[in-house]
Amino acid sequence: MWREIIIMSLESLLAKKTRTVLSMLGIIIGVATVIAVFAIGQGAQNAVNAQFQNLSANSIMIMSNRGREATGSSKLSVADAAVIREQAAQVKSAAGAITGNVSVAYGGEDKSYSLIGADSEYLSISNLTVASGRFFGPDEVAGKEMAAVLGATAAADLFADGTDPIGATVTVGAKKAEVIGVLKKVGGRLGPLSVDEAVILPNTAAEKNILGGRGMVMINIQADSVDNIEAATQEITAILRAEHKLKIDQEDDFRIMDAGSMVATAQETAKMMSYLLTAIAAITLLVSGIGIMNVMFVTVAERTKEIGIAKAIGGKRADILWQFLLESVILSMLGGLIGIGLGLGLIPLVAKINIITLAYSWNGPIIGFSFSVLVGIFFGFYPAFKASRLDPVDALRSE
Numbered sequence: 001m002w003r004e005i006i007i008m009s010l011e012s013l014l015a016k017k018t019r020t021v022l023s024m025l026g027i028i029i030g031v032a033t034v035i036a037v038f039a040i041g042q043g044a045q046n047a048v049n050a051q052f053q054n055l056s057a058n059s060i061m062i063m064s065n066r067g068r069e070a071t072g073s074s075k076l077s078v079a080d081a082a083v084i085r086e087q088a089a090q091v092k093s094a095a096g097a098i099t100g101n102v103s104v105a106y107g108g109e110d111k112s113y114s115l116i117g118a119d120s121e122y123l124s125i126s127n128l129t130v131a132s133g134r135f136f137g138p139d140e141v142a143g144k145e146m147a148a149v150l151g152a153t154a155a156a157d158l159f160a161d162g163t164d165p166i167g168a169t170v171t172v173g174a175k176k177a178e179v180i181g182v183l184k185k186v187g188g189r190l191g192p193l194s195v196d197e198a199v200i201l202p203n204t205a206a207e208k209n210i211l212g213g214r215g216m217v218m219i220n221i222q223a224d225s226v227d228n229i230e231a232a233t234q235e236i237t238a239i240l241r242a243e244h245k246l247k248i249d250q251e252d253d254f255r256i257m258d259a260g261s262m263v264a265t266a267q268e269t270a271k272m273m274s275y276l277l278t279a280i281a282a283i284t285l286l287v288s289g290i291g292i293m294n295v296m297f298v299t300v301a302e303r304t305k306e307i308g309i310a311k312a313i314g315g316k317r318a319d320i321l322w323q324f325l326l327e328s329v330i331l332s333m334l335g336g337l338i339g340i341g342l343g344l345g346l347i348p349l350v351a352k353i354n355i356i357t358l359a360y361s362w363n364g365p366i367i368g369f370s371f372s373v374l375v376g377i378f379f380g381f382y383p384a385f386k387a388s389r390l391d392p393v394d395a396l397r398s399e
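Counting with UniProt numbering, you get residues 1 to 399 for the letters of the sequence shown.
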């Protein structure tokens with residue numbers, strides 16, 4: 001019996017191919033969105049873990065901030081790192097960096113990478129490791145030398161032919177630079193900046209030859225202990241306000257975040273993005289479910305006489321209910337399967353954009369497919385129930 005019911009349901013769907021495909025579109029998009037939600041959520045969590053696994057618990061980061069009361073650009077500069085090192089008693093080390101984007105050329109290849117202009121303490125304070133070569137020292141920073149250290153991915157891209165990067169000359173922006181080191185791979189990405197896809201120069205050289213004051217300034221700091229993070233933050237705030245000559249009624253032209261706050265902010269951002277996409281997926285599935293219900297009502301109306309004949313020759317209400325309910329469920333299941341294929345297929349394509357890290361998660365396909373089946377059952381039941389309750393005499397009289 002079940003075999004016949006399934007065959008009849010499939011034949012009915014295939015008889016109206018255009019209607020079937022259009023009815024599935026909402027399910028397809030909804031399930032693909034559910035998969036995207038889990039891919040973004042898992043990818044963001046992986047990115048947070050990868051980006052912050054090298055941060056010490058006593059890490060503090062200072063960034064530019066215009067503020068409501070500030071006029072013009074923030075006064076935060078890499079030179080502030082030296083002032084903090086000299087004056088802050090609760091600070092163990094401080095390293096200034098300025099970031100931007102730059103094109104890097106080698107051997108006919110020209111690609112865009114993140115540029116990090118750093119001082120000689122950036123390597124140790126960021127807990128990065130040199131895989132080959134070395135990091136630049138204080139003399140190269142003072143001399144504004146174009147000594148480049150490449151992230152792991154940038155080195156692999158530029159020297160894909162297997163050439164040893166150390167000692168090679170690359171063109172950074174419009175200036176020549178000698179590659180003196182390659183970093184060990186960090187992994188992960190938060191937004192467009194990734195150390196793996198970066199070129200690191202002395203901040204003096206980066207500011208003079210490439211950025212010209214247009215980059216975003218960051219200062220990485222390590223407090224002398226985890227217990228002194230709050231005291232160090234207060235101390236740094238007082239030093240920078242005095243250094244920047246801010247009045248009492250003026251807001252800080254910088255932002256200070258500790259490691260815990262940075263992780264929490266990144267996780268909250270990822271969570272809000274997941275909530276937004278989940279809402280979009282839910283609305284899409286709801287609308288598609290209403291569409292399926294309308295299609296099933298039309299199908300019942302078109303086959304009223306067929307239902308009357310089936311009842312006249314002994315067809316049971318349950319058989320008719322199951323036939324129409326299965327049509328709805330099969331329709332939503334097919335849409336769910338196609339949506340899974342679309343969602344999984346788009347993940348590697350979107351990942352190439354390098355805006356956010358995506359990661360495969362089996363929760364997405366499982367939950368997406370389950371929801372598609374539930375949509376088919378929920379929105380298909382009432383039309384199927386109405387079909388099973390049709391009076392055979394009235395059904396046979398219908399045209």
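Here a beta-carbon is modelled for each residue, glycine too, at the ideal position from N, C-alpha and C.
Taking C-alpha positions only, leucine 358 is separated from leucine 349 by approximately 10 Å.
Per the C-alpha coordinates, the member of Ala384, Asn363, Gly336 positioned closest to glycine 30 is Gly336. Comparing alpha carbon positions, the residue from Asp258, Ser261, Leu240 closest to aspartate 252 is Leu240.
Annotated as distal: glycine 151 and asparagine 209, with beta-carbon spacing of 9 Å or more. Just so you know, the alpha carbons of phenylalanine 381 and serine 12 end up roughly 17 Å apart. For secondary structure counted as the beta strand (DSSP E) over 3 or more consecutive residues, the stretch 53–138 holds these complete runs in sequence order: 59–64, 91–106, 109–118, 130–133. Three or more Cβ pairs drawn from the stretch 85–105 and the stretch 226–240 lie within less than 8 Å of each other, which places the two stretches in contact.
A direct Cα-Cα distance of roughly 46 Å separates glutamate 268 from isoleucine 6. For the pair asparagine 58 and alanine 118, the CB atoms are not nearer than the 9 Å cut-off.
Cβ-Cβ separation between isoleucine 290 and phenylalanine 379: approximately 7 Å, consistent with a contact (criterion under 8 Å).
The bridge partners DSSP lists for glycine 181 are Gly133, Val149. In terms of Cβ geometry, valine 217 and serine 64 form a close pair [threshold 9 Å]. In the three-state reduction of the DSSP assignment, leucine 358 falls in the coil class. Counting along the chain, the unbroken beta strand (DSSP E) around leucine 201 starts and ends at 198–202. Secondary structure note for arginine 255: its beta strand (DSSP E) is the uninterrupted segment 254–258.
The DSSP-derived three-state label of lysine 176 is strand.
Annotation: the continuous beta strand (DSSP E) that includes asparagine 220 extends over 216–223.
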